[in-house]
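This is the structure in C-alpha cells:
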C-alpha cells in the first residue's frame, strides 16, 4: 500500500458487462483520517490494530489462531442459525455453509448492519457482498470459511432504520418514511412491526417504469409483508438477494445463544474499571496523533444495556452502582450485576465497542468486514480485546458508486469524470460545463483579469518595499479583498447563466442527485433496491466479480 498520496488509482476490469475504475479514498471529501491511515499508511496506526491477513501464510496463521481460541459450542450455535435461516427462507447454499460451519476447522467472515427498511442503504449490501467474497477468498487458499451477516436488530435507534431513499427517472429524490409503531423509544428496532402498504404504493410510482421495477416491487412486497417485523423483512430480503451465495444470517436478539455468554458479560462487569481506563488512555493516544476517537467514553461507561423483553436500557456506573438511564428502578451493585450476568445473560445487551468482541466470542471470526467508521472504532476495541482473549481483525468493505446510463452520457457530453462530480463543488462543476459553451470566453476573461491583477500588485509591491514596507502588507490585503469580490461576481454570473439554461440545471441536478445526493455518498443514501430495479438481480454477482481484497479504493462502476 502506498504511503504517499496519489491523485487517482485506476483499475479497469471488464467482465460480466461491468467496467469499474478505482478511486483513491484520499481524493474524496469528508473521509475519516484514521480510516485513511489504516488503508494507506498502516505503520502509522499499527499499534491500534491487528494487521489484516494478506497472503496465504498470514491467512493460515490467522485461521489457526482463531480456531485455537474459539470456545463456543458449535452444535448449539449452528442449530440456532439453522432455525432462523429456515424461518426467513434461506436457500440450500445457506444450509451447505451451516454444515461447513459445524466442522471444527471452519472459520467465519462476519459483517453486519442495522435492519433498515427495504434493505437499508446500499453499503449494507456491499458489506454482505464483501463478506461473501472474503469467505470465498479464504476457501481459495485452502481455509474452510463461511460468510455470516449480523442483523443488528437490538439497536433501539429507529430513526436509523425507518427511512429508505430512491430516485426516479427524472432524477427526483423520494424518501419513504415508516411510521414508528413502537410503544416506547427503548423498544429495539428489529421488533417493530411492518406496515408498508402505503410505502409500497408510493414506491410503485418511483420504480414502476424501471427495467426491473415490477420484479423488484414484487420482491419487496413478498419479503416485507404486513405484520412481519423489521428483522424478518430485512432477513427475508437478504436471503433472497444472496440465495446463490449462501450468506448465513444471524439475529442479534436470538435468545438460544445468549446462555453461552454469561462469562462474557461477567467479564464486562468485573473488569469495568480496567476497561474504562484503557479506553480513556486509547482516546488520549489517538488524540496525540490528531485522530478523534469514534466512540466517546467517560467514567460512567459500562458498554452494557439491560434487556427486558423487547426493550433495552443503557446502564451507567455512578456512585458505586449500576443504574439504568431510563428506568430508575433498575439498580445493581457490581456483585449483583456480575451474578445476574452469570445466571441471566439473556438480560444483557452491548454497545458498539463491545459488539465486535461478543461477535468473535460467538463465531470463529477470521475477518470482520466493516466501513470507515467501524475501522475507526476498532482502534478502540483493540485496547480491551485481550480481556476476553480475543484479537479482532477488520478489513474495509467494498465501496461503490454506480453510474446509470444517463449519467454516463452526461459525463461524456460535458467532458467530466465521475470523480469530479464526487469531489467538486456544484459551482465548480457548473463552471466547467459552462466553459464548453459560448460563455467560455467570459470565464476566461475572469481568470485572466484575476491573474493580471495579481501580477500588477506583485510588481507594485516589489517597487514599494524598499520605500515604504508597511504599505506592502496593506496592498496584499487589498488584493485579497478584490480577489474575493471578483470571485463573488463570477459565482453570481455562473448562477445566473445556469438559471437561464434549464437543460444545464437539469443535467447538473441529475448528476448530483445520482452520484452524491444531498452531498452524501450514493451508497449511504440510496437503498440497494434502487439499483436492483434498474439493473436486475444479476447485479449482485457482477459486483461480487469486481471486489478485490488488494484494492483499497472506492469503485466507480458502469453496471
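Residue numbers (the numbering used here): 230 to 788.
All residues carry an ideal CB built from backbone N, CA and C; glycine is no exception.
Item: Is it buried or exposed, residue 415, if we count other Cβ atoms within 10 angstroms and call 16 or more buried?; Value: buried
Item: Which of the three DSSP states, helix, strand or coil, is assigned to residue 732?; Value: helix
Item: Just checking residue 381 against the ligand ADP - is the residue's beta carbon closer than 6 Å to any of the ligand's heavy atoms?; Value: Among the components of this structure there are no ligands whatsoever, and the ligand ADP is therefore not found.
Item: Residue 379 lies in the beta strand (DSSP E); which residues open and close that run?; Value: 374-380
Item: If I follow the unbroken beta strand (DSSP E) through residue 787, where does it start and stop?; Value: 782-787
Item: With 16 as the cutoff for other CB atoms within 10 Å, does residue 399 come out buried or exposed?; Value: exposed
Item: Who pairs with residue 350 in a beta bridge, going by DSSP?; Value: 756
Item: Could you check the C-alpha separation between residue 243 and residue 629 for me, to the nearest Å?; Value: Note that residue 243 scores 38 on pLDDT, short of 50, meaning its location in the model is unreliable; the coordinates nonetheless yield the value given after this. Cα to Cα, the separation comes out at about 16 Å.
Item: Does DSSP classify residue 491 as helix, strand or coil?; Value: helix
Item: Can you check which of these residues, 693, 698 and 685, is closest to residue 711 by C-alpha distance?; Value: 685
Item: Just how far apart, CA to CA, sit residue 768 and residue 338?; Value: 22 Å
Item: Could you tell me which of 487, 645 and 382 sits nearest to residue 463, measuring between CA atoms?; Value: 382
Item: Where do the ends of the alpha helix (DSSP H) carrying residue 589 lie?; Value: 584-591
Item: Please confirm whether residue 268 has its beta-carbon closer than 7 Å to some beta-carbon of chain B.; Value: This model lacks chain B altogether; it includes just one protein chain.
Item: Judging by CA-CA distance, which residue of 247, 277, 260 and 271 is the nearest neighbour of residue 606?; Value: 277
Item: I'd like to know if the region 635-649 and the region 612-623 are in contact, where contact means that at least 3 CB-CB pairs between them fall below 8 Å.; Value: no
Item: Work out the CA separation of residue 540 and residue 556 for me, nearest whole Å.; Value: 11 Å
Item: Could you tell me if residue 412 is buried or exposed, where buried requires 16 or more neighbouring beta carbons within 10 angstroms of its beta carbon?; Value: exposed
Item: Hey, which unbroken runs of the beta strand (DSSP E) at 3 residues or more fall wholly within the region 420-494?; Value: 477-480
Item: Specify, as a first and last residue, the run of the alpha helix (DSSP H) that residue 344 falls within.; Value: Per DSSP, residue 344 belongs to no alpha helix (DSSP H) and is neither H nor E.
Item: Starting from residue 534, trace the alpha helix (DSSP H) in both directions and tell me its first and last residue.; Value: From DSSP, residue 534 is part of no alpha helix (DSSP H) but of the beta strand (DSSP E) over 533-537.
Item: So, helix, strand or coil for residue 360, using DSSP?; Value: helix
Item: Output the distance between the C-alpha atoms of residue 300 and residue 490, rounded to the nearest integer angstrom.; Value: 11 Å
Item: Would you check if the distance between the CB atom of residue 371 and the CB atom of residue 757 is smaller than 7 Å?; Value: no
Item: CA-CA distance, residue 752 and residue 707?; Value: 44 Å
Item: What whole-angstrom Cβ distance do residue 395 and residue 336 have, given they're in contact under 8 Å?; Value: Not confirmed; about 37 Å, so no contact.
Item: So, is residue 781 buried or exposed, given that buried needs 16 or more other C-beta atoms within 10 angstroms?; Value: buried
Item: Run the CB neighbour count on residue 459, radius 10 Å, all protein chains shown included, and call it buried at 16 or more, exposed below.; Value: buried
Item: Beta-carbon within less than 8 Å of residue 746's beta-carbon, same chain only, minus the 5 sequence neighbours each way: which residues are those?; Value: 394, 396, 402, 754 and 755
Item: Tell me whether residue 269 is buried or exposed, calling it buried when 16 or more other Cβ atoms sit within 10 Å of its Cβ.; Value: buried
Item: Three-state secondary structure (DSSP) at residue 371?; Value: coil
Item: With distances taken from CA atoms, which of 320, 522, 508 and 617 is nearest residue 529?; Value: 508
Item: Looking at the unbroken alpha helix (DSSP H) that takes in residue 642, where does it start and where does it end?; Value: 634-643
Item: Taking only three categories from DSSP, how would you classify residue 413?; Value: coil
Item: Could you give the DSSP three-state label for residue 775: helix, strand or coil?; Value: coil
Item: Rounded to whole angstroms, what is the Cα-Cα separation between residue 239 and residue 785?; Value: Reliability of the predicted coordinates at residue 239 is poor, the pLDDT of 36 falling under 50, and no value is obtained from them.
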